[in-house]
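Okay, structure first, notes after.
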């Protein structure tokens, strides 16, 4: 599945956490983050810290792949 929004990423994280039978509190403790961070991530908060997000993904056995998008680059930027 191609994830393009923070809401989609949060939903994927929530689904994986539930699949593993892990509570939000336990995930937060394992990742070294606060419960509020996990709640925000799962809600798709767009300002969550990338480093912490990567730690959550790793803890859940998930990864993040970066590739070229399908749209034009933002104005003033080159591909």
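Residue numbers (this note's numbering): 819 to 897.
For each residue, glycine too, the CB sits at the ideal point set by N, CA and C.
task = Can you give me the Cβ contacts of residue 864 inside the same chain, cut-off strictly under 8 Å, excluding the 5 residues immediately before and after it?
result = The residue labelled residue 864 in the question sits at position 46 within the chain shown. Excluding sequence positions up to five before and after residue 864, its CB lies within less than 8 Å of the CB of 824, all in the same chain and listed in chain order.
inquiry  = Taking the beta carbon of residue 835 as the centre, do at least 16 other beta carbons fall within 10 Å, making it buried, or is it exposed?
reply    = In the chain shown, counting from the first residue as 1, residue 835 sits at position 17. Residue 835 comes out buried.
inquiry  = Can you list, in chain order, the residues of its chain with a C-beta nearer than 8 Å to that of residue 881? Leave out the 5 residues immediately preceding and following it.
reply    = As a first step, residue 881 must be located in the chain shown, where it is residue number 63. So the qualifying residues of the chain are 875.
key: 8 Å contact criterion, which residue 853 and residue 843 should meet: CB distance rounded   = What you label residue 853 is simply residue 35 of the chain shown in a count that begins at 1. What you label residue 843 is simply residue 25 of the chain shown in a count that begins at 1. The C-beta separation of residue 853 from residue 843 comes to about 6 Å, placing the pair in contact by the 8 Å criterion.
ask   = Excluding sequence positions up to five away, which residues of its chain have a Cβ less than 6 Å from the Cβ of residue 849?
value = What you label residue 849 is simply residue 31 of the chain shown in a count that begins at 1. Hits under 6 Å: 873, 874, 877.
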